[in-house]
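Visitor: Below is a structure I'd like to ask you about.
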Amino acid sequence: MTIMATIPESTSTVDVRIIDTNTLLYLKTGLFWETKLKGFEGLHAPTYCFLVSHGSRHVLFDLGVRIDWENYAPKIVQLIKATTKVATGLDVASVLDKDVSGLQIRSSDVEGIIWSHNHFDHTGDPSTFPPSTQLVVGPGVKAASWPGYPSKPDAGILDTDAAGREVREITFASAELRVGSFNAFDYFGDGSFYLLDAPGHAIGHMCALARTTADPPSYVFMGADACHHPGIIRPSGRLHIPRECICAGLWKNTGEPLLSVPRGLVFADHAAAVETVHKIQELDALREVFVILAHDTTLRGRIPFFPERINDWQAKGLRERTRWLFCQDFKAAEITQ
Ligand SMILES: [Zn+2]
-16 MTIMATIPES TSTVDVRIID TNTLLYLKTG LFWETKLKGF EGLHAPTYCF
34 LVSHGSRHVL FDLGVRIDWE NYAPKIVQLI KATTKVATGL DVASVLDKDV
84 SGLQIRSSDV EGIIWSHNHF DHTGDPSTFP PSTQLVVGPG VKAASWPGYP
134 SKPDAGILDT DAAGREVREI TFASAELRVG SFNAFDYFGD GSFYLLDAPG
184 HAIGHMCALA RTTADPPSYV FMGADACHHP GIIRPSGRLH IPRECICAGL
234 WKNTGEPLLS VPRGLVFADH AAAVETVHKI QELDALREVF VILAHDTTLR
284 GRIPFFPERI NDWQAKGLRE RTRWLFCQDF KAAEITQ
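Under my numbering, the first residue of the sequence shown carries the number -16, and numbering increases by one thereafter.
This is the structure in structure tokens:
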């Protein structure tokens, strides 16, 4: 018998708004996922950031790519030039400050920037926020990031990312709280928003879970870079692909995902990354959880983005409508043995 993942009970919710910074990165097959599929070489992917609001308290989960990416540490600028193509769009602070929808949440209202991890396509430019805004990072990220550049010439993170602001490091070591199989940290202390220990891709990598409605309960799972394509988590032993689904034929012989976590540079700890993916699959099988990976192209244009909220995703049927769309990426692909 499969035991369903459990999420602690609470009636507290947060408002969730997804910010698409219109940045595109090229994610290459082999580097970001492994597959037996022939003909799926990679794709241009967006990076999603999240504005999470608890009454008048606001935090951001990730900042995307800074628009002047040539001003990242030289090591990162070299990496970008050598490995990917970046088309930059907007910076999150300006998205908030120039918003004319009447929402009135400005960069100066953000109490914390949460980095899912310290890679350039998520760190943005914290110096565009006032010093009162905390920077919140996962376990081990402080020591791995600072001193930054230019104090340390070969650093990947900038001194200015932390200069003059409090950097708060979350630890899960003594965590007794579990969300599904994840060790969890209750950010607002009322069960509305959890940071989750999700190692593998990078040191201190965190996912997050926001309660979007209380009755019936629904949640948005922020997957960050736990993996880089929904085809790594679906289908699973807990979530079967519908027969009528486009490309269902590719799964004729297996209910397993066609993509897997690759060994190599992109996943610092491969075994931990595989375990994290299994934990996501447990939550992804629950009807009340909408999993959103940072680089999921299939959601673009199909779900509401900032300034709209995503909270009513369940009533709108967005999970059901979008969960197998990734199969279209494999339209031209075939399985090789
Ligand atoms: Zn990323």
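For every residue, glycine included, the Cβ atom is placed at its ideal position computed from N, Cα and C.
Taking T71 as the reference, give the member of S110, T4 and R151 with the closest Cα.
Guide: Closest option to T71, Cα to Cα, is T4.
Visitor: I'd like the list of long-range same chain contacts for S91, defined as Cβ closer than 6 Å, with 5 residues on each side in sequence excluded.
Guide: Same-chain partners within the cutoff: P113.
Visitor: Using DSSP with H/G/I as helix, E/B as strand and the rest coil, what is L62?
Guide: Correct three-state label for L62: helix.
Visitor: At a cut-off of 6 Å, is A277 close to ligand 1 when judged by its beta-carbon and the heavy atoms of the ligand?
Guide: For ligand 1, at least one heavy atom lies less than 6 Å from the Cβ of A277.
Visitor: Cutting at 8 Å between CB atoms, please list the residues of its own chain near F288, excluding the five before and the five after it.
Guide: Answer for F288: R0, I1, I2 and D3, listed in chain order.
Visitor: Taking 7 Å as the CB-CB limit, is D169 close to chain C?
Guide: Reference to chain C is not applicable here, since this structure consists of a single protein chain.
Visitor: At the level of alpha carbons, what is the spacing between G13 and R226?
Guide: Distance between the alpha carbons of G13 and R226: 28 Å.
Visitor: Which residues share a DSSP beta bridge with W16?
Guide: In DSSP, W16 forms a bridge with T12.
Visitor: Drop a sphere of 10 angstroms on the beta-carbon of M189, count the other beta-carbons inside from all chains shown, and report buried for 16 or more, exposed for fewer.
Guide: That one is buried.
Visitor: Which residue wins for smallest C-alpha separation from D104, given the options V78, V124, T30 and A126?
Guide: If we check each option's Cα against that of D104, T30 comes out closest.
Visitor: With a threshold of 6 Å, establish whether the CB of D208 neighbours any heavy atom of ligand 1.
Guide: The answer is yes for D208.
Visitor: I'd like the span of the beta strand (DSSP E) that includes T28, first residue to last.
Guide: It is worth fixing the name first, because residue 28 is Ala in this sequence and not Thr. Start and end: G25 to A28.
Visitor: From this set, G25, L178, L308 and D137, which residue's C-alpha is nearest D45's C-alpha?
Guide: Closest option to D45, Cα to Cα, is L178.
Visitor: According to DSSP, which residues form a beta bridge with M53?
Guide: The sequence as given places Glu at residue 53; Met does not occur at that position. In DSSP, E53 forms no bridge with anything.
Visitor: Taking the alpha helix (DSSP H) that L301 falls in, what are its first and last residues?
Guide: From DSSP, the alpha helix (DSSP H) with L301 extends over L301 to T305.
Visitor: State the DSSP-derived secondary structure class of P239, mapped to helix, strand or coil.
Guide: One point to set straight first is that residue 239 is Glu, not Pro, in the sequence displayed. Correct three-state label for E239: coil.
Visitor: Thinking C-beta only, is A181 closer than 7 Å to A146?
Guide: Contact: no.
Visitor: Per DSSP, what kind of secondary structure is G214 in: helix, strand or coil?
Guide: Correct three-state label for G214: helix.
Visitor: Quick check: what's the CA-CA separation for H212 versus V35?
Guide: Taking the straight line joining both Cα atoms gives about 23 Å.
Visitor: For the putative contact between I216 and D267, defined by C-beta atoms under 8 Å, what is the C-beta separation to the nearest angstrom?
Guide: Sure, about 6 Å apart at Cβ, within 8 Å.
Visitor: List the endpoints of the continuous beta strand (DSSP E) containing L308.
Guide: No beta strand (DSSP E) contains L308, which DSSP labels as neither H nor E.
Visitor: Taking DSSP as the reference, what is the three-state secondary structure of A316?
Guide: Looking at A316 - three-state DSSP - the assignment turns out to be coil, as it is neither helix nor strand.
Visitor: If you reduce the DSSP assignment to three classes, tell me which class Q117 lands in.
Guide: Strand, per DSSP.
Visitor: Report the rounded CA-to-CA distance for S39 versus T66, giving the unit in angstroms.
Guide: Straight-line Cα distance between these residues: approximately 40 Å.
Visitor: Which same chain residues end up closer than 7 Å to T280 when comparing Cβ atoms and leaving out the 5 residues on each side of it in sequence?
Guide: Correct list, in chain order: L26, A28 and P29.
Visitor: Apply the 10 Å Cβ neighbour rule to V83 and answer buried if 16 or more other Cβ atoms are within range, or exposed otherwise.
Guide: It is exposed - the Cβ of V83 has fewer than 16 other Cβ atoms within 10 Å.
Visitor: Give the secondary structure of K21 by DSSP, where H, G and I count as helix, E and B as strand, and everything else as coil.
Guide: DSSP places K21 in strand when its eight states are reduced to three.
Visitor: Quick check on the DSSP output: the alpha helix (DSSP H) that includes A256 runs from which residue to which?
Guide: Taken as a continuous stretch (DSSP letters only), the alpha helix (DSSP H) holding A256 covers H253 to D267.
Visitor: Using C-beta distances below 8 Å, list every residue in its chain close to A185, excluding the 5 sequence neighbours before and after it, in chain order.
Guide: The residues are H100, N101, H102, D208 and A251.
Visitor: Got a sec? Which residues, its chain only, sit under 7 Å from A76 by beta carbon, not counting five neighbours each side?
Guide: For A76, where only same-chain residues beyond five positions count, the Cβ hits under 7 Å are S90, T111 and F112.
Visitor: Distance, Cα to Cα, S243 vs K262?
Guide: In a straight line, the C-alpha of S243 is about 14 Å away from that of K262.
Visitor: Looking only at its chain, what residues have a beta carbon closer than 7 Å to the beta carbon of R302, apart from the 5 residues adjacent to it on each side?
Guide: So the qualifying residues of the chain are F273 and W296.
Visitor: DSSP three-state label for A185, please.
Guide: Residue state, collapsed to three classes: coil.
Visitor: Quick one: residues in its chain with C-beta nearer than 6 Å to the C-beta of R285, no 5 flanking neighbours on either side, listed in chain order?
Guide: Closer than 6 Å at Cβ, skipping near neighbours: T305.
Visitor: Tell me where the beta strand (DSSP E) around H37 begins and ends.
Guide: Run containing H37: Y31 to H37, per the beta strand (DSSP E) assignment.
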